[in-house]
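In what follows, a structure is listed as structure tokens, so that the remarks can point back to it.
Protein chains: 2
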Amino acid sequence: MNPRDLPIGVLGSGLGGLSVVRALRRILPFETFLYLGDTAQGSYGNKSAETIARLTLHAGTALARHQPKLLVIASGTASAFGLAALQAAAPCPVLGAIEPGAQAAAAAGGPVGIIGTAATIRSGAFEAAILRRSPGTILYPLACPLLADLAEEGWIDDPITDAICRRYLNQIPFEAHTVLLGCTAHATLLPSLTRVRPGTKWLDCGELTALAAEDMLRSGLGFRTASAQGQLRILLTEDSPRVRESGARFLGEALEAVEQVG
Amino acid sequence: MNPRDLPIGVLGSGLGGLSVVRALRRILPFETFLYLGDTAQGSYGNKSAETIARLTLHAGTALARHQPKLLVIASGTASAFGLAALQAAAPCPVLGAIEPGAQAAAAAGGPVGIIGTAATIRSGAFEAAILRRSPGTILYPLACPLLADLAEEGWIDDPITDAICRRYLNQIPFEAHTVLLGCTAHATLLPSLTRVRPGTKWLDCGELTALAAEDMLRSGLGFRTASAQGQLRILLTEDSPRVRESGARFLGEALEAVEQVG
Chain G
158 MNPRDLPIGV
168 LGSGLGGLSV
178 VRALRRILPF
188 ETFLYLGDTA
198 QGSYGNKSAE
208 TIARLTLHAG
218 TALARHQPKL
228 LVIASGTASA
238 FGLAALQAAA
248 PCPVLGAIEP
258 GAQAAAAAGG
268 PVGIIGTAAT
278 IRSGAFEAAI
288 LRRSPGTILY
298 PLACPLLADL
308 AEEGWIDDPI
318 TDAICRRYLN
328 QIPFEAHTVL
338 LGCTAHATLL
348 PSLTRVRPGT
358 KWLDCGELTA
368 LAAEDMLRSG
378 LGFRTASAQG
388 QLRILLTEDS
398 PRVRESGARF
408 LGEALEAVEQ
418 VG
Chain W
158 MNPRDLPIGV
168 LGSGLGGLSV
178 VRALRRILPF
188 ETFLYLGDTA
198 QGSYGNKSAE
208 TIARLTLHAG
218 TALARHQPKL
228 LVIASGTASA
238 FGLAALQAAA
248 PCPVLGAIEP
258 GAQAAAAAGG
268 PVGIIGTAAT
278 IRSGAFEAAI
288 LRRSPGTILY
298 PLACPLLADL
308 AEEGWIDDPI
318 TDAICRRYLN
328 QIPFEAHTVL
338 LGCTAHATLL
348 PSLTRVRPGT
358 KWLDCGELTA
368 LAAEDMLRSG
378 LGFRTASAQG
388 QLRILLTEDS
398 PRVRESGARF
408 LGEALEAVEQ
418 VG
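So the protein sequences, as listed, match chains G and W. Residues in the first sequence are numbered consecutively from 158, following the working numbering. Residues in the second sequence are numbered consecutively from 158, following the working numbering.
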């Protein structure tokens with residue numbers, strides 16, 4: 158097979174990564190995608206550094222067996238702790254969700270708020286990547302552990318979600334006109350986020366990662382040669398009606414071709 | 158050592174189990190306790206049956222090495238999936254958090270609401286245990302995945318927590334005058350729960366499990382012979398300032414004598 162025709166492997170710590178798949182399919186409709194969502198492990202966002210790194214390496218290695226031309230880590234938390242180890246182990250390039258968001262945040266200039274899971278914020282990964290590009294940028298990192306939970310529960314565009322977003326976001330000084338969504342599950346909460354903090358420029362690490370994947374195909378890995386809509390195959394470590402329902406919200410369509418894997 | 162002087166091992170899937178330790182220490186002040194909180198794994202509440210059973214057996218086996226006279230599973234979710242396997246493997250009696258709550262619910266009579274994590278409710282463990290004692294009881298089980306997250310985040314006695322409790326509890330018909338709190342983290346939310354559903358009789362599975370442990374000591378295992386306040390040793394698979402802060406809310410005092418274990 159022409160290496161350009163190999164699939165793109167996408168690794169999610171749960172279901173939030175399906176929002177990255179949604180963006181990837183919109184931007185790269187002719188590519189084929191293989192998504193592995195580690196739904197059996199629950200959220201990575203409250204786990205330890207060592208656990209997240211181990212789980213990311215394990216899931217990434219399983220995906221690599223399908224011979225992808227590119228692996229995308231569609232999770233801020235998994236990228237913060239597991240990118241380096243997976244890059245060292247994988248036989249193909251690995252793109253994480255930290256650098257694309259950090260690049261956009263550095264380019265935005267001015268004070269930047271960063272929201273993410275407890276683990277992602279504790280890692281300091283976004284701050285380090287932004288400051289490497291743009292030293293001296295004023296950053297306001299904030300752990301918002303409930304946001305991913307709300308997104309998974311599906312309380313979207315909801316007054317309770319508004320109140321929780323307001324509680325968190327009000328802790329970031331309003332001089333920060335740019336806020337980086339450091340968790341791929343956050344984008345589904347944009348209706349609430351926009352309401353509680355109007356005029357803010359939101360940088361979605363998931364969307365930016367999908368755009369960075371397109372760049373990598375353009376600058377070397379190559380686009381798939383076929384001109385028919387590419388397929389999406391979904392592997393989940395835990396499948397259930399609840400998982401399907403929650404996943405469909407992130408993907409923007411019903412989950413089909415789901416396989417449960419060990 | 159006199160077997161009566163051995164410690165009581167308490168297994169929590171995270172920090173919510175410390176609310177059971179709090180009740181145990183109030184009821185049994187002279188006993189010594191060893192708590193193992195599997196904080197590195199995040200919440201068990203969204204994991205698969207197999208994963209929860211495996212983690213519970215693993216943590217329980219680690220606790221059993223300390224030669225407890227009794228093991229208490231201070232988590233509705235871990236009890237729902239892991240009790241039988243741990244009972245088969247442990248060298249001492251193992252008490253889970255399902256039966257004590259179910260016994261009280263069956264005794265209460267009338268329609269009973271049951272709230273718990275997604276996994277606990279999916280298991281049907283409370284329903285089965287209640288119906289075995291009191292066939293025909295009308296039960297309203299309801300998964301409330303955000304409640305344990307709110308309790309861990311520490312938004313206690315809070316208008317947002319009121320709104321979330323109202324959203325969930327309104328799904329249980331008001332003819333259910335009794336609601337079983339099927340997650341040991343729920344008890345800290347009682348200020349909100351009581352406000353949104355006044356006149357309800359709340360059965361706290363954690364408190365009831367502590368009382369059942371006292372019964373087991375009285376009816377055979379024996380009380381510790383010393384008359385000095387017993388010690389509490391806390392083992393956590395992940396320790397951090399955030400974990401300490403959240404844990405102190407469940408325990409009702411600062412976490413001291415914490416050891417991180419692998």
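Glycine residues also receive a C-beta, built at the ideal position from the N, C-alpha and C atoms.
Is it true that the CB of residue j sits closer than 8 angstroms to the CB of residue i?
i: L299 (chain G); j: G253 (chain G); result: no
i: T351 (chain W); j: F407 (chain W); result: no
i: A263 (chain G); j: R222 (chain G); result: no
i: G273 (chain G); j: S232 (chain G); result: no
i: L316 (chain G); j: D306 (chain W); result: Sequence inspection shows Pro at residue 316 (chain G); the Leu mentioned does not correspond to that position. In this structure, D306 (chain W) does not lie closer than 8 angstroms to P316 (chain G) by Cβ.
i: T196 (chain G); j: V400 (chain G); result: yes
i: A237 (chain G); j: A276 (chain G); result: yes
i: S170 (chain W); j: Y192 (chain W); result: no
i: G387 (chain W); j: F190 (chain W); result: yes
i: T318 (chain G); j: S349 (chain G); result: yes
i: V251 (chain W); j: L288 (chain W); result: no
i: P160 (chain G); j: G379 (chain G); result: yes
i: D361 (chain W); j: L338 (chain W); result: yes
i: L296 (chain W); j: E284 (chain W); result: yes
i: L214 (chain G); j: L243 (chain G); result: yes
i: L389 (chain G); j: Q417 (chain G); result: no
i: R375 (chain W); j: D162 (chain W); result: no
Let me check one thing: in DSSP terms, what residues is residue i bridge-paired to?
i: Q386 (chain W); result: DSSP, once it has assigned bridges, lists no residue as partnering Q386 (chain W).
i: E416 (chain W); result: W:L392
i: I194 (chain G); result: Ile is not the amino acid found at residue 194 (chain G); the sequence shown has Gly there. Partner(s): G:G169 and G:L393.
i: G202 (chain G); result: In the DSSP output, where bridge partners are listed per residue, G202 (chain G) has none listed.
i: V177 (chain G); result: DSSP output for V177 (chain G) lists no bridge partner at all.
i: L296 (chain G); result: G:V269
Residue i touches chain G at which residues, Cβ-Cβ below 8 angstroms?
i: L220 (chain W); result: Per Cβ cutoff of 8 angstroms: no residues; L220 (chain W) is ~19 angstroms from chain G at best.
i: E310 (chain W); result: P302 and L303
i: D306 (chain W); result: P302, L303 and D306
Residue i versus chain W: which residues are under 7 angstroms apart at the beta carbon?
i: S205 (chain G); result: A197 and E395
i: I321 (chain G); result: I317
i: R399 (chain G); result: A275
i: R324 (chain G); result: I317
Chain W partners of residue i, CB-CB under 9 angstroms?
i: T208 (chain G); result: A197, Q198, G199, T394 and E395
Next on the checklist: What are the residues in the region 183–203 of chain G lying within 9 angstroms of chain W by C-beta distance?
Outcome noted: Along the region 183–203 of chain G, going in chain order, the ones with a CB nearer than 9 angstroms to a CB of chain W are T196, A197, Q198, G199, S200, Y201, G202 and N203.
Item to check | Start-end ranges of the alpha helix (DSSP H) lying completely within the region 311–346 of chain W, minimum 4 residues | outcome: Segments of the alpha helix (DSSP H) lying fully in the region 311–346 of chain W: 316–326.
Next on the checklist: Under 8 angstroms, CB to CB, which of the residues in the region 351–369 of chain W have a partner in chain G?
Outcome noted: Of all residues in the region 351–369 of chain W, none places a beta-carbon less than 8 angstroms from a beta-carbon of chain G.
Item to check | beta strand (DSSP E) runs wholly inside the region 222–257 of chain G, at least 3 long, in chain order | outcome: As far as the region 222–257 of chain G is concerned, its whole beta strand (DSSP E) runs of at least 3 residues are 227–230.
Item to check | Residues, ordered as in the chain, of the region 264–296 of chain G that lie near chain W by beta-carbon distance below 7 angstroms | outcome: Along the region 264–296 of chain G, the positions whose C-beta sits under 7 angstroms from a C-beta of chain W are A275, read in chain order.
Item to check | Completely contained beta strand (DSSP E) runs for the region 357–386 of chain W, where each covers 3 or more residues | outcome: 358–361, all fully within the region 357–386 of chain W.
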